[in-house]
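Residue numbers are given in numbering that gives the first Met the number 0: position 78 of the sequence shown equals residue 77, and the series is strictly consecutive. Following: one structure in structure tokens, then a few remarks.
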Amino acid sequence: MPTAIYPGTFDPVHSGHIDIATRAAGLFEHLTVAIYARPLKSLLFSTQERKAMMEEALAHVPNLSVQAYNTLTVDFARQVGAQAIVRGL
Numbered sequence: 000m001p002t003a004i005y006p007g008t009f010d011p012v013h014s015g016h017i018d019i020a021t022r023a024a025g026l027f028e029h030l031t032v033a034i035y036a037r038p039l040k041s042l043l044f045s046t047q048e049r050k051a052m053m054e055e056a057l058a059h060v061p062n063l064s065v066q067a068y069n070t071l072t073v074d075f076a077r078q079v080g081a082q083a084i085v086r087g088l
């Protein structure tokens with residue numbers, strides 16, 4: 000089964016993010032929630048705070064990890080060996 004990333008700024012983390020991540024984790028062997036560390040917009044929370052919030056909110060999902068990144072999303076996907084990128088609307 001393939002692995003995937005779910006990228007975003009997640010500022011702040013909300014129930015929609017949690018729902019998408021939880022559902023996506025059920026579709027893949029492993030899901031990495033990828034928190035972009037250098038967006039071109041003003042943020043409410045630091046990268047470390049956003050990562051901690053996401054880790055706490057998704058602690059119940061066993062096949063999921065949370066990582067911050069500051070490269071192009073496609074480069075991060077390659078770095079972690081992801082075959083898919085999850086997006087939600």
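Glycine included, each C-beta is placed from N, C-alpha and C at the ideal position. This one's a predicted model, so the numbers in the text were calculated from it and none came from an experiment.
Run the CB neighbour count on residue i, radius 10 Å, all protein chains shown included, and call it buried at 16 or more, exposed below.
i: residue 18; result: exposed
i: residue 129; result: The displayed coordinates of the chain run from 0 to 88. Any statement about residue 129 would go beyond what the structure contains.
i: residue 12; result: buried
Of the residues the options, which one's Cα is nearest the Cα of residue i?
i: residue 76; options: 32, 47 and 41; result: 32
i: residue 68; options: 2, 36 and 84; result: 36
i: residue 57; options: 11, 39, 9 and 20; result: 20
i: residue 70; options: 38, 55 and 44; result: 38
i: residue 55; options: 7, 6 and 14; result: 14
CB-CB under 6 Å to residue i, same chain, minus the five flanking residues each way: which ones, in chain order?
i: residue 29; result: 2 and 62
Can you name, in chain order, every residue of its own chain whose Cβ lies under 7 Å from the Cβ of residue i, other than the five neighbours on each side?
i: residue 50; result: 34, 65 and 67
Within the same chain, show all residues whose beta-carbon is closer than 8 Å to that of residue i, passing over the 5 residues directly before and after it, in chain order.
i: residue 9; result: 16, 32, 34, 49, 52 and 53
key: Whole runs of the alpha helix (DSSP H) within the segment 46-84, excluding any shorter than 4 residues   = For the segment 46-84, whole alpha helix (DSSP H) runs of length 4 or above, ordered along the chain, are 46-56 and 72-79.
task = Identify every run of the beta strand (DSSP E) within the segment 1-50, keeping only runs that are complete inside it and at least 3 residues long; order them along the chain.
result = Correct list: 2-7 and 29-35.
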